[in-house]
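Remarks on the structure that follows.
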Amino acid sequence: MYDWLNALPKAELHLHLEGSLEPELLFALAERNRIALPWNDVEALRAAYAFNNLQEFLDLYYRGADVLRTEQDFYDLTWAYLLKCKAQNVVHVEPFFDPQTHTERGIPFEVVMRGIKAALVDGEKKLGISHGLILAFLRHLPEEQAFQTLEQAMPFRDAFIGVGLDSSEKGFPPRLFERVFAKARSEGLHAVAHAGEEGPPEYIWEALDLLKIVRIDHGVRASEDERLMQRIIDEQIPLTVCPLSNTKLCVFEHMGQHNILDMLERGVKVTVNSDDPAYFGGYVTENFMALHEGLGMSEAQAKRLAQNSLDARLV
Ligand code: ADE
Ligand code: ZN
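Residue 92 in the UniProt record's numbering sits at position 92 of the sequence shown, and the numbers go up by one each step.
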């Protein structure tokens, strides 16, 4: 029924690899690594996927990521995501990974990086999916730890294209990370950041002016600030919007309230992405389907959104 949406060539520019960990793989990795889980089965885990806000989701997301231990685990996680992409005509991906989520648990940085990178390279060779990996700093941790993470990453400089900023937004404004972003940019890395998901438009201004980001992750709260909207339109700064994520985390009460199509019609370079598909009920095609069903997205609008994603690639 939605073949026309699935068939559109698309890029995914906002995807947390750890958020693509499906419950079935989570249980399989727990068994492989002999880790006890607090849920009896996959159904019980899925039943826990009911969130009132970003933090409630993050608590479960970090808990789930604990089953990722070996290079093979990170390979399997990434490969499973790439197979989904192939099935949905996602031809290019720029995924995030959160090294601190793993190094804090004692998993060496290189284990994470090698597993992810090997799968991405295989994805290029065997599935024809191009990629650019983005290293995301956790904003609930101090900037000092972000600096340490960047240092650990530098021996692998060629394996990633940019840095991002994610995790709990409220109370952790972009300005806290101004220096580490300057350092990353001086290494030739692109800068992006989550801003204006739950946080106010001021955080989007800071991310643009202080972190000098070239793309805004989420950014849906920009619509509350007319001057900001005008800047985003004038400078054609892309927004990586995640509709199912936004409704699952109660950023919008229901899809009918989402502002993505209003922004599109105003000339904002908005794109459609899945954020954490294993937790939010769908990959890119399902996000397009939700816009069709909940917002009346037309075929012409879907085509523009898909084209925007290809135009907003960093590599
Ligand atoms: N980490 C994973 N998903 C996220 C989101 N939607 N916002 C902030 N941090 C995240
Ligand atoms: Zn995100």
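Note that CB positions come from ideal geometry on N, CA and C, so glycine has one too.
Where do the N-terminal and C-terminal ends of the beta strand (DSSP E) with residue 216 fall, by residue?
-> 215-218
Please list, in chain order, all residues of the same chain as residue 287 whose beta carbon is under 8 Å from its beta carbon, the five residues on each side excluded.
-> 242, 243, 244, 272, 273 and 274
Under 7 Å between the Cβ atoms of residue 37 and residue 48?
-> no
Counting Cβ pairs, one atom from each stretch, are 3 or more of them under 8 Å apart for the stretch 87-99 and the stretch 45-59?
-> no
Is any heavy atom of the ligand ZN found at a distance shorter than 6 Å from the C-beta of residue 98?
-> no
Can you tell me the Cα-Cα spacing of residue 32 and residue 72, whole angstroms?
-> 11 Å
Identity of the residues DSSP links to residue 83 by a beta bridge = None, per the DSSP bridge assignment.
With the ligand ZN as the reference, list in chain order each residue whose Cβ lies under 6 Å from any of its heavy atoms.
-> 14, 16, 166, 194, 217 and 275
For residue 241, which beta-bridge partners are listed by DSSP?
-> 272
Bridge partners - residue 134, DSSP secondary structure assignment = 96 and 162
Determine the DSSP secondary structure at residue 21, reduced to helix, strand or coil.
-> coil
Are residue 15 and residue 95 close, meaning C-beta to C-beta below 7 Å?
-> yes
Assigned secondary structure, residue 170 (DSSP; H/G/I helix, E/B strand, else coil) | coil
Within 10 angstroms of its Cβ, does residue 188 collect 16 or more other Cβ (buried), or is it exposed?
-> exposed
Mind checking whether residue 168 and residue 55 have CB atoms under 7 Å apart?
-> yes
Are the stretch 295-312 and the stretch 6-13 in contact at 8 Å, needing three or more beta carbon pairs?
-> yes
For residue 64, verify whether its CB is less than 6 Å away from any heavy atom of the ligand ADE.
-> no
Residues near residue 295 in its chain [Cβ-Cβ closer than 7 Å; skip 5 each side] = 255, 256, 258 and 261
Where does the unbroken alpha helix (DSSP H) through residue 117 begin, and where does it stop?
-> 109-122
Rounded separation between residue 116 and residue 231 - CA only = 36 Å
Are the beta-carbon atoms of residue 84 and residue 283 separated by less than 7 Å?
-> yes
Verify the contact flag: residue 19, CB atom, against every heavy atom of the ligand ADE, threshold strictly below 6 Å.
-> yes
Take residue 143 as the anchor and find which of 277, 100 and 59 has the nearest alpha-carbon.
-> 100
Locate the alpha helix (DSSP H) running through residue 153, then write down its first and last residues.
-> 143-153
Out of 178, 263 and 224, state which residue places its alpha-carbon closest to the alpha-carbon of residue 191.
-> 178
Distance between residue 268 and residue 312 (C-alpha atoms, nearest Å) = 12 Å
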